[in-house]
Amino acid sequence: MATILPYTETYKDEVIHLILQVYESELHFVGYERPDIYDVSGTYQKSDRSNFWIALENNELVGTAAIFEKTTDIAYLKRMIVRKDYRKQGLGRELLDTALSFAKENGYKTVYAGTVLENPNAIAFYKRNGFVEEQPAPIDITASGDSICLKKSL
1309 MATILPYTET
1319 YKDEVIHLIL
1329 QVYESELHFV
1339 GYERPDIYDV
1349 SGTYQKSDRS
1359 NFWIALENNE
1369 LVGTAAIFEK
1379 TTDIAYLKRM
1389 IVRKDYRKQG
1399 LGRELLDTAL
1409 SFAKENGYKT
1419 VYAGTVLENP
1429 NAIAFYKRNG
1439 FVEEQPAPID
1449 ITASGDSICL
1459 KKSL
């Protein structure tokens, strides 16, 4: 079973590699700007109401998830990534539960997640876990390259 921990700079290169690997090889997002992954601490850990988690199995990075503060009541679920060979084993649910528990503890009422239509497994995962499609999407979700927005009330 993987261990889920808050991100530390020790894992910076591995986090960048995992996210780029999934986005480029599986979703074919090549050349898309992702400045947040090069500054995880500055993006996701500058506020007590945001955080980024890593999942480790035998000291190897196998997943990530983040909660990003948008407003007092709204958070974004970001960088929800599970390495391909660790999917369908409950790790995504563990990461999601960690992120949503954090969001609830910090007083958020709603969590938004965005993905692309080309990622039907992610859409199905979110829906199985209580997210519903939200149209129209908040502008900054679709502006980030995501084509579908889902939300969950806490």
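The working numbering puts the last residue of the sequence shown at 1462; the count rises by one with no breaks. Quick reminder that beta carbons are idealized off the backbone N, C-alpha and C, glycines included. Being a predicted model, the structure only gives us computed values, none of them experimental.
- Ranking MET1388, ASN1366, CYS1457 by CA distance to the CA of TYR1420 puts CYS1457 first.
- The Cβ atoms of ILE1324 and TYR1346 sit closer than 8 Å to each other.
- Between TRP1361 and LEU1403, the beta carbon gap of about 6 Å places them in contact (Cβ cut-off 8 Å).
- Taking 8 Å as the cut-off, the beta carbon of ASP1381 is found no closer than this to the beta carbon of TYR1434.
- Annotated three-state conformation of TYR1384 is strand, per DSSP.
- Between LEU1335 and VAL1424, the CB-CB gap stays under 8 Å.
- Closest option to ILE1312, judged by alpha-carbon separation, among ARG1357, ASP1321, SER1349, ALA1363: ALA1363.
- Sorting ARG1387, TYR1394, TYR1315 by C-alpha distance to the C-alpha of PRO1343 places ARG1387 at the top.
- Between MET1309 and the set GLU1441, ARG1401, LEU1462, the nearest pair of CA atoms involves ARG1401.
- It is roughly 14 Å from the alpha-carbon of GLU1368 to the alpha-carbon of THR1316.
- Using a 10 angstroms sphere on the CB of ASN1359, the tally of other CB atoms reaches 16 or more, which defines it as buried.
- Within the same chain, no residue comes within 6 Å of LEU1408 by CB-CB distance, once the 5 residues on both sides are set aside.
- ALA1363: not part of any alpha helix (DSSP H); member of the beta strand (DSSP E) spanning 1359-1365, first to last residue.
- VAL1424 carries a coil assignment under DSSP once its states are collapsed to helix, strand and coil.
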